[in-house]
Amino acid sequence: MGDVPSKPDYSKSLKVIGAGFPWTGTSSMQLALERLLDGPVAHGGSHMVSNGKDFGGKWGEACLTRRAGHRERTLKLVREGIRGFVGCTDVPYLWFLEELLELHPGVKVVLVTREPEKWHPSLKGVFGHIEAWWLPLVVCIHPGLRWMPVMVSEFARQIRFRMSPSLGSTMRRRSTRRQQGRLGCSG
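Residue numbers are given in the working numbering: position 27 of the sequence shown equals residue 61, and the series is strictly consecutive.
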């Protein structure tokens, strides 16, 4: 995951989006952008683990709200979620690229990639553990991570539609099984 999560500075606004999937250098991009832009840069992995319910709840709700087709509510959640950051990298920001560009029309986008032959196996290895049947039991007690099943489901959906049908379908099957057996931990 990323380095130490940045704290928002509400006098600053979004200037750069690091549009790279996880495991493509998003943590390094976060650190570089913080120096170049002299301000806080949000890294999804760091904030998911460290900023608890505020981060996971807001972005998890944004995922569900967008899926339900509530555009204005989704824009409001995205606006609130990115407020005070000069940049963002990693998921969930990547999933909301369209909304971020609409809210911040002058923002620059930096695409970071990795060789698919190396990226795909490393991602499958991580998601083999992150989608375990017992995940909802463990993350239920952590305020930020309890949204992990929603985030993993959204990640699988994005992969399926944007990049790799085989990886997306594997993640979708696991995610569906996990959601069916979910124990009802709520935010």
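Note that beta-carbon positions come from the ideal geometry of N, C-alpha and C, so glycine has one too. Bear in mind that the values here come from a model prediction, so they are computed numbers and not experimental data.
With distances taken between CA atoms, Arg-191 lies nearest to Arg-101 out of Pro-150, Asp-43, Arg-101, Leu-131.
For Glu-68 and Pro-56, the gap between their C-alpha atoms comes out near 18 angstroms. For Val-75, the number of other beta carbons within 10 angstroms of its own is at least 16, and it is reported as buried. DSSP, read as helix, strand or coil, puts Leu-70 in helix. Assigned with DSSP and collapsed to three states, Ala-166 falls in coil, not helix or strand. In this structure Tyr-127 is buried. Its beta-carbon is surrounded by 16 or more other beta-carbon atoms within 10 angstroms.
CA-to-CA, the gap between Glu-95 and Gly-103 works out to about 12 angstroms. Per DSSP, Thr-58 lies in no beta strand (DSSP E) segment and is marked neither H nor E. If you draw a 10 Å sphere on the C-beta of Trp-168, you find fewer than 16 other C-beta atoms in it, and that means exposed. Where Ile-116 is concerned, the enclosing alpha helix (DSSP H) starts and stops at 105-116. Judged by beta-carbon spacing, Leu-137 lies within the 9 angstroms limit of Val-112, meaning their Cβ atoms are closer than that value. In the DSSP assignment, the residues bridged to Cys-122 are Ile-51, Ala-76. Straight through space, the alpha carbons of Glu-188 and His-154 are spaced by roughly 17 angstroms. Leu-131: member of the alpha helix (DSSP H) spanning 131-137, first to last residue. For Leu-145, the enclosing beta strand (DSSP E) covers residues 142-145. Annotated three-state conformation of Tyr-127 is helix, per DSSP. Around Ser-156, the same chain offers Trp-57 as residues with beta carbons nearer than 8 angstroms, after the five sequence neighbours per side are excluded. Take Lys-49, set aside five residues on each side of it, and the residues of its chain with a beta-carbon closer than 7 angstroms to its own are Leu-71, Val-120, Gly-121, Val-141, Lys-142, in chain order.
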